[in-house]
Amino acid sequence: MHESLKAIAVLAFMVAATVAAVFWLDSDPRASQAVKWISTGIAVGSLALFLKLTFRKDRAPDYLSRYANPYFNRGGFTFSIDIVANAGIAYLRVLYQNQFAGRCEGQVAIRAGQDFWMKRANIETICMDIDCGPGEFGMANMPLPISNKLQGQKQSFEVGASVRYPDGRGKQLRFADGLLLRTNSDFGNPFHSTLQAGYLLTGGIMLKRPAKVTTRLPSEVASEIPADVVGEVKVLWRLGDSPHIAI
Numbered sequence: 009m010h011e012s013l014k015a016i017a018v019l020a021f022m023v024a025a026t027v028a029a030v031f032w033l034d035s036d037p038r039a040s041q042a043v044k045w046i047s048t049g050i051a052v053g054s055l056a057l058f059l060k061l062t063f064r065k066d067r068a069p070d071y072l073s074r075y076a077n078p079y080f081n082r083g084g085f086t087f088s089i090d091i092v093a094n095a096g097i098a099y100l101r102v103l104y105q106n107q108f109a110g111r112c113e114g115q116v117a118i119r120a121g122q123d124f125w126m127k128r129a130n131i132e133t134i135c136m137d138i139d140c141g142p143g144e145f146g147m148a149n150m151p152l153p154i155s156n157k158l159q160g161q162k163q164s165f166e167v168g169a170s171v172r173y174p175d176g177r178g179k180q181l182r183f184a185d186g187l188l189l190r191t192n193s194d195f196g197n198p199f200h201s202t203l204q205a206g207y208l209l210t211g212g213i214m215l216k217r218p219a220k221v222t223t224r225l226p227s228e229v230a231s232e233i234p235a236d237v238v239g240e241v242k243v244l245w246r247l248g249d250s251p252h253i254a255i
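Under my numbering, the first residue of the sequence shown carries the number 9, and numbering increases by one thereafter.
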């Protein structure tokens, strides 16, 4: 996967550089020359790959880094989570952007996190479907009822996501990875700890357990959502648009 290449490059460099150092420092002429030169070549090649991946220039504006840093990344579908209030209604707000030139179908899910006693607050679990065009940046809002007891309180939420590229991903347009999310929208978690170790060394974070965000819930908002209040998805930027936007 694209977001794993830097992690693989770092792991390969670490192993190859260690092996090369052992053989280069070995004064025994019988030490394997082949292993010494092969490991050196792998170390150099891995470092070159890492540098190339790190300093790639974006082909599309990175609005998510500008307006929502840090953010999550599920297979190229990148997004941030927030709870906001408008006209007496609380909303789950998702800012999203597609990393690739192929359209994608993303799904974001949140549920109340567990407290010390492994209990969850009485907050509705929300799943939000987002169709995202090539490189597209947008904002999705979903009304969220909040009981009077919880209003104004700090609350943690577990975050999951899934993504599908029905026509293939196409070219990668943005290269900042964000927080790599391995938890799908059912909060399951296929995960490889070795890959995580390499990704941490690149300066990124790969999340093993359900990712969490903590926010203070708004006050003076509805505990029940009126029937005429519905969610919406608003496209803020598409490929070919002027790069100047405002949220």
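Glycine residues also receive a C-beta, built at the ideal position from the N, C-alpha and C atoms. Quantities reported herein were computed from a predicted structural model and do not represent experimental measurements.
In this structure, DSSP gives SER164 an extended state, which the three-state scheme calls strand. Our two residues, PRO234 and PRO174, have alpha carbons roughly 35 Å apart in a direct line. In the three-state reduction of the DSSP assignment, GLY49 falls in the helix class. Only residues of its own chain outside the window of five on either side were considered, and among them GLY168, SER170 have a CB closer than 6 Å to the CB of ASN192, listed in chain order.
Pairing GLU144 with LYS65, the inter-Cα distance amounts to about 18 Å. Taking ALA15 as reference, the option from LEU188, THR26, GLN105 with the minimal CA-CA separation is LEU188.
Taking a C-beta distance under 7 Å as the contact criterion, THR48 and GLY186 do not qualify as a contact pair. Contact between PHE108 and LYS60 is absent: CB atoms are separated by about 19 Å, not below the 8 Å threshold.
Nearest to ASN77 by alpha-carbon distance, out of VAL221, VAL238, ASP236, GLU232, is VAL221. Spanning the alpha carbons of ALA117 and VAL30 requires a straight line of approximately 48 Å.
In terms of Cα proximity to ALA129, the closest of TYR99, PRO153, ARG67, GLY141 is PRO153.
In this structure ILE89 is not in contact with PHE183, their Cβ atoms being roughly 22 Å apart against a cut-off of 8 Å.
Between the alpha carbons of ARG74 and ILE46 lies a distance of about 42 Å.
Distance from LEU225 to LEU158 at the Cβ level is roughly 6 Å; contact confirmed, criterion being Cβ atoms closer than 8 Å. Around the beta carbon of ILE255, fewer than 16 other beta carbons sit within 10 angstroms, so the residue counts as exposed. Going by DSSP, LEU13 is part of no beta strand (DSSP E) but of the alpha helix (DSSP H) stretching over 13–33. According to the DSSP assignment, LEU72 belongs to the alpha helix (DSSP H) that extends over 71–75. Secondary structure note for ARG119: its beta strand (DSSP E) is the uninterrupted segment 112–120. Excluding sequence positions up to five before and after ALA120, its CB lies within less than 7 Å of the CB of ARG128, ALA129, ILE131, GLN163, PHE165, all in the same chain and listed in chain order. Within the stretch 131–177, the runs of beta strand (DSSP E) at least 3 residues long that lie entirely inside it are, in chain order, 134–140, 145–151, 162–172. Distance from the Cα of ASN149 is smallest, within the candidate group ARG101, CYS140, ALA28, for ARG101. For GLN105, the uninterrupted beta strand (DSSP E) segment begins and ends at 97–106. Residue pairing from DSSP places ASP90 in a beta bridge opposite ARG101.
Cβ-Cβ distances below 8 Å link ASP70 to GLN105, ARG182, ALA184 in the same chain, with the five nearest sequence neighbours on each side left out; the list follows chain order. Around ASP137, the same chain offers GLU113, GLY114, GLN115 as residues with beta carbons nearer than 8 Å, after the five sequence neighbours per side are excluded. Per the coordinates, the alpha-carbon of LEU72 lies some 21 Å from the alpha-carbon of ALA93. Nearest to ARG246 by alpha-carbon distance, out of THR26, ALA28, ALA17, ARG67, is ARG67.
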